[in-house]
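The structure under discussion appears below in the form of structure tokens.
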Amino acid sequence: MEEKKRCMCGSSDVRVVACSGASNVGQIANQAAIELARENVAGFFCLAGVGGQIKGFLKSAREADLMVAIDGCPVQCATKTLQHAEIEPAIQIIVTDLGIEKSHDIILDENVCRRVIEKVKDELLS
Ligand code: SF4
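Note that the sequence shown ends on residue 125 in numbering that gives the first Met the number 0; no numbers are left out.
Spelled out as structure tokens, the structure:
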């Protein structure tokens, strides 16, 4: 995954996908992707289009300079969906790795969300 990382200050086409799962961590992943798009760090990309094998989505995803996958938990649905389409994310974040337990209450923890965002930024700059 390391070789495709690059600086955020360039004009690279960075895309982010989130598992958007039906859990607190899945929705933190989704919200982090929204915020990364709002902050112009990465374009929020439709993972469902990749999973659905829609040609235009597959082409765009494969043409991205760098793909970031945010997964809620170790099941890694976002990353595996990309890999199933032969797209390897350059950066992968798993929300539960930050110490939050997965639950189905779907309550967004904004502090954890911010930590995910900062981790993506750190990874992009490393
Ligand atoms: S990675 Fe985990 S939280 Fe996300 S959709 Fe898959 S099972 Fe749900």
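No residue lacks a Cβ here, since even glycine has one placed at the ideal position from N, Cα and C.
Everything numeric in this text was worked out from a predicted model, so none of it was measured.
Ligand 1 heavy atom lying under 7 Å from the CB of residue i
{"i": "serine 102", "result": "no"}
{"i": "cysteine 76", "result": "yes"}
{"i": "valine 49", "result": "no"}
{"i": "serine 22", "result": "yes"}
{"i": "aspartate 70", "result": "yes"}
{"i": "cysteine 112", "result": "no"}
{"i": "glycine 98", "result": "no"}
{"i": "cysteine 18", "result": "yes"}
Residues of its chain near residue i, where Cβ-Cβ distance is below 7 Å and the 5 sequence neighbours each way are ignored
{"i": "proline 73", "result": "Ile93, Thr95"}
{"i": "glutamine 30", "result": "Leu107, Cys112"}
8 Å CB neighbourhood of residue i in its chain, flanking five on each side removed
{"i": "isoleucine 99", "result": "Asn23, Val24, Ile27, Asp108, Val111"}
{"i": "methionine 0", "result": "Any reading at methionine 0 must be qualified, since the residue scores a pLDDT of 47, below 50, and its modelled position is unreliable; the value itself is stated next. For methionine 0, where only same-chain residues beyond five positions count, the Cβ hits under 8 Å are Glu87, Pro88, Ala89, Ile90, Gln91."}
Spatial neighbours of residue i in its chain, beta-carbon cut-off 6 Å, leaving aside the 5 residues before and after
{"i": "cysteine 18", "result": "Gly25, Ala28, Asp70, Gly71, Cys76, Ala77"}
{"i": "glutamate 34", "result": "Ile116"}
{"i": "valine 13", "result": "Ala41, Leu65"}
{"i": "alanine 63", "result": "Asp12, Arg14"}
Minimum C-alpha distance to residue i - residue among the options
{"i": "glutamine 52", "options": "Ala21, Gln82, Ala36, Asn39", "result": "Gln82"}
Cβ pair count under 8 Å reaching 3, the region 55-63 against the region 112-123: no
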